[in-house]
Amino acid sequence: MELAEIEALVSKIKQDIECCECLKDLVDVKNEQLGKKSTFFSVALEGLNQMIRTAPIEEKKKLGALINKFKTDVLDCYNKKEIVLKEKLELEKLKEEEIDISLPGNDYSAGSKNPLFVIRDEIIKFFTSLGYDVYAGPEVENDHYNFELLNTPKDHPARDMQDSFYIDERTLLRTHTSPVQARTMLKNPNTPIKMIAPGKTYRRDDDDLTHSHQFMQIECLVVDEGINLAHLKSTLEKFMHHIFGMKRTIKFVPSYFPFTEPSFEVNVSCANCHGKGCNMCKGTGYIEVLGAGMVHPNVLRMCGYDDTRFSGFAFGVGVERLAMLRYGIDDIRRFYQNDVRFLKQFKEEFRK
Ligand code: PHE
């Protein structure tokens, strides 16, 4: 075999390697031409070996170096090609997996903040701006805090109105946020308090248009020396006018709560008939919105206050009721259903 033939074979193998378009082609070339049983390369090397055997001594060295050069040339060529093809494959894969950010995204239709929380936050803002503190307490409550400390002992008929979900004989889901007030008073006896307690409350009510077994309340408590009914009345007037505007009339109607004495309810003139009487207000012209009164001396004493020095007022308001009256919402369950069609109606209102 002539040297030129061998060189031609080697460059043919290199050319074959260069022509490979993918890793599979390259492996085929390797198997066919570079392996032990392969043809071209071993033919070329065999040709060289033969030449060495017959060559004069000084030529043998040169030919040996040539064999090595051919081998490393072909191997280099192979390795370089392998790297190139691997990179190519990687790029192709990346291209396939590329995220097309030009596609339009999924349209999530936004509703608005729930009117219940809008009113809650507004009330919190109103009272904190007047210097009130905001407190929270447990929703799973002890009978002692929910009833006993609030002057409602076992078998008191007023418990019926707040019939609740009992976990065991002494533990229940709180029926109002008043226990938060009892807990706050007990923490710092004989200290002035100005607080509100917003939160979820539970009663075993049949769910209908205006009742839900779970609803939101905000209760307020002020205790200090010399607190009287005039403070309560003016606070409530300001609060109600803030929520409903100046056009609505406010009426105080005597009532009964075991934890306040005297007690009353606050009625607001009906938004629909302005006090004349219609279906919405059941002909009375007014709608009851909250319960209030002067803290009963028994409550003050049980919660660690000297009732000869301190007096206080308290009231509790159902937040759903306020939101329903303000926005004309006809069914209390709408607050909890998370229906965007309901929520969307408030988008503009809450932007103001
Ligand atoms: N805790 C009463 C209720 O949930 C509301 C209330 C609070 C009434 C404070 C008077 C004074 O019905």
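Counting along the sequence shown from 1, when you hit position 264 you're at 389 in the working numbering, and nothing is skipped either side.
The beta carbon of each residue, even a glycine, is placed where N, CA and C say it ideally should be.
Any non-hydrogen atom of the ligand PHE within 7 Å of residue i CB
{"i": "G324", "result": "no"}
{"i": "S388", "result": "yes"}
{"i": "T385", "result": "yes"}
{"i": "Q339", "result": "no"}
{"i": "A307", "result": "no"}
{"i": "A261", "result": "no"}
{"i": "A417", "result": "yes"}
{"i": "A439", "result": "yes"}
{"i": "H421", "result": "no"}
{"i": "Q470", "result": "no"}
{"i": "Q462", "result": "no"}
{"i": "F252", "result": "no"}
{"i": "E344", "result": "yes"}
{"i": "F364", "result": "no"}
{"i": "F435", "result": "no"}
{"i": "S234", "result": "no"}
{"i": "H367", "result": "no"}
{"i": "D301", "result": "The residue you asked about is not Asp; residue 301 is His in the sequence shown. Checking the Cβ of H301 against the ligand PHE gives yes."}
{"i": "F382", "result": "yes"}
Contact check, residue i vs residue j, beta carbons under 8 Å
{"i": "D349", "j": "P317", "result": "yes"}
{"i": "D241", "j": "M341", "result": "The sequence as given places Leu at residue 241; Asp does not occur at that position. Going by C-beta atoms, L241 is nearer than 8 Å to M341."}
{"i": "I327", "j": "H338", "result": "The identity of residue 327 in the sequence shown is Tyr, whereas the question assumes Ile. A contact, by the Cβ cut-off of 8 Å."}
{"i": "V305", "j": "G256", "result": "no"}
{"i": "N271", "j": "R299", "result": "yes"}
{"i": "V391", "j": "M419", "result": "no"}
{"i": "S237", "j": "L425", "result": "no"}
{"i": "L311", "j": "G429", "result": "yes"}
{"i": "A396", "j": "G324", "result": "no"}
{"i": "G400", "j": "G408", "result": "no"}
{"i": "I248", "j": "I343", "result": "yes"}
{"i": "D201", "j": "V135", "result": "no"}
{"i": "F438", "j": "I352", "result": "yes"}
{"i": "F252", "j": "C345", "result": "yes"}
{"i": "D332", "j": "R458", "result": "yes"}
{"i": "R329", "j": "D288", "result": "yes"}
{"i": "I131", "j": "A169", "result": "yes"}
{"i": "L228", "j": "L148", "result": "no"}
{"i": "L334", "j": "D456", "result": "yes"}
{"i": "L151", "j": "L216", "result": "no"}
{"i": "H421", "j": "F384", "result": "yes"}
{"i": "R295", "j": "I368", "result": "no"}
{"i": "D431", "j": "N313", "result": "no"}
{"i": "D258", "j": "K319", "result": "yes"}
{"i": "K192", "j": "L173", "result": "With the sequence shown as reference, residue 192 is identified as Ile, and Lys is not the correct amino acid for it. Yes, Cβ-Cβ distance for I192 and L173 is below 8 Å."}
{"i": "S394", "j": "R373", "result": "yes"}
{"i": "Q158", "j": "I182", "result": "no"}
- Item | Three or more C-beta pairs below 8 Å linking the segment 231-245 and the segment 256-276 | Look at the beta carbons and you see the segment 231-245 not touching the segment 256-276: under three pairs across the two are nearer than 8 Å.
- Query: Do the segment 403-417 and the segment 440-459 make contact, defined as three or more Cβ pairs closer than 8 Å?
  - Reply: Segments in contact, yes.
- Give, in chain order, every unbroken run of the beta strand (DSSP E) that is at least 3 residues long and sits entirely within the segment 162-208. List check, beta strand (DSSP E) in window: nothing returned.
- Query: Does the segment 188-198 come close enough to the segment 169-179 to have 3 or more Cβ pairs within less than 8 Å?
  - Reply: The segment 188-198, when compared against the segment 169-179, does touch it at the 8 Å Cβ threshold.
- Item | Uninterrupted beta strand (DSSP E) stretches inside the segment 411-465 (no shorter than 3 residues) | 411-420 and 435-443, all fully within the segment 411-465.
- Message: Please give me, in chain order, every unbroken run of the beta strand (DSSP E) with length at least 3 that falls completely inside the segment 202-271.
- Response: Runs of the beta strand (DSSP E) spanning 3 or more residues and lying entirely within the segment 202-271 occur at 265-267, in chain order.
- Query: Does the segment 206-225 touch the segment 129-146, meaning 3 or more C-beta pairs lie closer than 8 Å?
  - Reply: Yes, they touch.
- Task: For the segment 271-281 and the segment 242-254, state whether three or more C-beta atom pairs, one from each stretch, are separated by less than 8 Å.
- Result: They do not touch, by the three-pair rule.
- Taking only runs of the alpha helix (DSSP H) that begin and end inside the segment 279-357, which ones reach a length of at least 4 residues, in chain order? For the segment 279-357, the full-length alpha helix (DSSP H) segments reaching 4 residues or more read 303-312 along the chain.
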